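Numbering (full-length UniProt numbering), first residue to last: 1 to 337. Think of the CB as a built atom: it goes at the ideal place given N, C-alpha and C, for glycine as much as any other residue. Nothing here was measured: the structure is a model prediction, and the numbers come from that model. To keep things clear, I will list the structure first and then write my remarks on it.
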């Protein structure tokens with residue numbers, strides 16, 4: 001015989017539910033803007049990858065020598081302080097964190113309080129804001145540890161996780177809350193799962209390649225990972241071609257099955273992938289110019305978002321309009337989906 005939950009354990013969910021309901025009533029008039037806010041959030045998450053890359057590529061990671069202050073005793077760059085350019089680049093990236101945080105907070109308010117959607121969707125709305133907090137801490141740790149390579153790499157990979165979460169929020173916003181129904185067969189689903197795993201491998205190897213090369217983050221420290229940069233680049237390139245092969249296999253099966261919407265999404269992803277591969281090879285054979293390396297980092301974020309969208313396009317959860325306008329009674333069977 002099960003014992004009833006303590007009153008304290010029941011009180012917290014009730015309080016949170018009441019707060020969510022009251023806040024939701026205040027933001028209901030902004031609910032039609034949800035998709036636009038989700039799109040802004042995704043763009044912001046990709047944008048901070050670009051500015052973070054600029055910090056690294058210009059060796060400005062220690063432009064602000066401490067955290068959360070920029071210089072000892074000052075939260076902003078000091079006019080007559082060391083390396084004013086590097087201070088400005090690093091401080092500008094820190095300021096963009098507040099823009100990303102504002103977008104993430106808007107996502108939390110609009111998604112987290114939407115009582116017409118299921119609880120897992122509402123909980124997912126907290127992911128961007130939690131990620132911003134984690135990134136701020138990791139960024140501070142990277143400065144305090146003088147750009148330790150594993151922390152800098154972790155900083156980038158967390159950004160990729162946030163891109164996945166932000167892209168998935170758009171997928172979930174655009175679909176209903178019925179149980180997911182696959183639009184592709186089991187073989188294609190296994191290929192998609194393999195594509196996701198290889199994507200993670202490609203990103204991780206990209207971090208190692210960058211850390212082993214001349215753009216490791218700080219001029220004084222130089223090549224930070226003690227591995228052969230050319231060998232690592234070749235392994236990274238090989239993983240990209242495995243990714244391309246898997247994507248081609250997925251596209252062929254989607255074309256065979258007449259899955260029009262997933263096929264369109266996959267073709268866009270293929271275009272991004274080929275452009276990303278082209279930039280990768282050109283930057284390698286032209287001496288790794290900063291502009292191309294930064295473009296390659298942006299491409300990595302776009303590719304990550306594209307893979308996420310493709311996975312979402314290969315299933316259906318019904319129409320968004322079905323049952324809209326009335327609070328959802330959460331079905332336990334849906335809580336893990």
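For residue j and residue i, the rounded distance between their alpha carbons
| i | j | result |
| --- | --- | --- |
| residue 52 | residue 93 | 6 Å |
| residue 76 | residue 307 | 38 Å |
| residue 202 | residue 144 | 28 Å |
| residue 147 | residue 133 | 19 Å |
| residue 318 | residue 99 | 34 Å |
| residue 180 | residue 118 | 13 Å |
| residue 244 | residue 273 | 8 Å |
| residue 165 | residue 124 | 8 Å |
| residue 230 | residue 139 | 28 Å |
| residue 150 | residue 159 | 14 Å |
| residue 292 | residue 232 | 19 Å |
| residue 210 | residue 29 | 46 Å |
| residue 198 | residue 236 | 11 Å |
| residue 300 | residue 69 | 30 Å |
| residue 196 | residue 115 | 31 Å |
| residue 163 | residue 271 | 19 Å |
| residue 280 | residue 242 | 15 Å |
| residue 95 | residue 186 | 46 Å |
| residue 175 | residue 275 | 29 Å |
| residue 332 | residue 261 | Only weak support exists for where residue 332 lies, its pLDDT of 40 falling under 50; the value from the coordinates is given anyway. Distance between the alpha carbons of residue 332 and residue 261 is about 30 Å. |
| residue 228 | residue 294 | 21 Å |
| residue 65 | residue 286 | 32 Å |
| residue 156 | residue 42 | 15 Å |
| residue 284 | residue 178 | 47 Å |
| residue 130 | residue 137 | 11 Å |
| residue 247 | residue 263 | 11 Å |
| residue 289 | residue 282 | 9 Å |
| residue 142 | residue 135 | 10 Å |
| residue 97 | residue 44 | 9 Å |
| residue 84 | residue 214 | 22 Å |
| residue 102 | residue 40 | 10 Å |
8 Å CB neighbourhood of residue i in its chain, flanking five on each side removed
| i | result |
| --- | --- |
| residue 86 | 58, 59, 60, 62 and 63 |
| residue 298 | 46, 49, 50 and 53 |
| residue 259 | 183, 184 and 314 |
| residue 31 | 110 and 114 |
| residue 34 | 110, 111, 114 and 173 |
Local conformation of residue i per DSSP, three classes
| i | result |
| --- | --- |
| residue 227 | coil |
| residue 182 | strand |
| residue 115 | coil |
| residue 69 | coil |
| residue 318 | coil |
| residue 140 | helix |
| residue 175 | coil |
| residue 145 | coil |
| residue 288 | coil |
| residue 339 | The structure shown does not extend to residue 339, since the chain is modelled only from 1 through 337, so no value can be given for it. |
| residue 125 | coil |
| residue 84 | helix |
| residue 204 | helix |
| residue 120 | helix |
| residue 193 | helix |
| residue 47 | helix |
| residue 249 | helix |
| residue 214 | coil |
| residue 305 | helix |
| residue 259 | coil |
| residue 79 | coil |
Sub-7 Å separation of residue i and residue j beta-carbons
| i | j | result |
| --- | --- | --- |
| residue 107 | residue 128 | yes |
| residue 38 | residue 170 | yes |
| residue 277 | residue 240 | yes |
| residue 188 | residue 255 | no |
| residue 111 | residue 153 | no |
| residue 305 | residue 104 | no |
| residue 183 | residue 74 | no |
| residue 345 | residue 265 | Here the chain has residues from 1 to 337 only, and residue 345 is not among them. |
| residue 109 | residue 55 | no |
| residue 302 | residue 249 | no |
| residue 204 | residue 225 | no |
Residue i beta carbon near the ligand MN (any heavy atom closer than 6 Å)
| i | result |
| --- | --- |
| residue 242 | Although the ligand MN was asked about, the structure shown includes no ligands whatsoever. |
Bridge-paired residues (DSSP) for residue i
| i | result |
| --- | --- |
| residue 60 | Beta-bridge pairing links residue 60 to no other residue. |
| residue 74 | 71 |
Residues of its chain near residue i, where Cβ-Cβ distance is below 6 Å and the 5 sequence neighbours each way are ignored
| i | result |
| --- | --- |
| residue 324 | In this predicted model, residue 324 has a pLDDT of only 43, less than 50, meaning its place in the structure is not dependable enough to derive any value. |
| residue 12 | Reliability fails at residue 12, whose pLDDT of 48 lies under 50, so the model's placement of it is uncertain and the value that follows must be treated cautiously. Counting only Cβ-Cβ distances below 6 Å, and skipping sequence neighbours, we find nothing. |
| residue 172 | 121 |
Beta-carbon contacts of residue i that lie in its chain and below 7 Å, excluding the five residues immediately before and after
| i | result |
| --- | --- |
| residue 122 | 111, 112 and 114 |
| residue 89 | 54, 55, 58, 60 and 63 |
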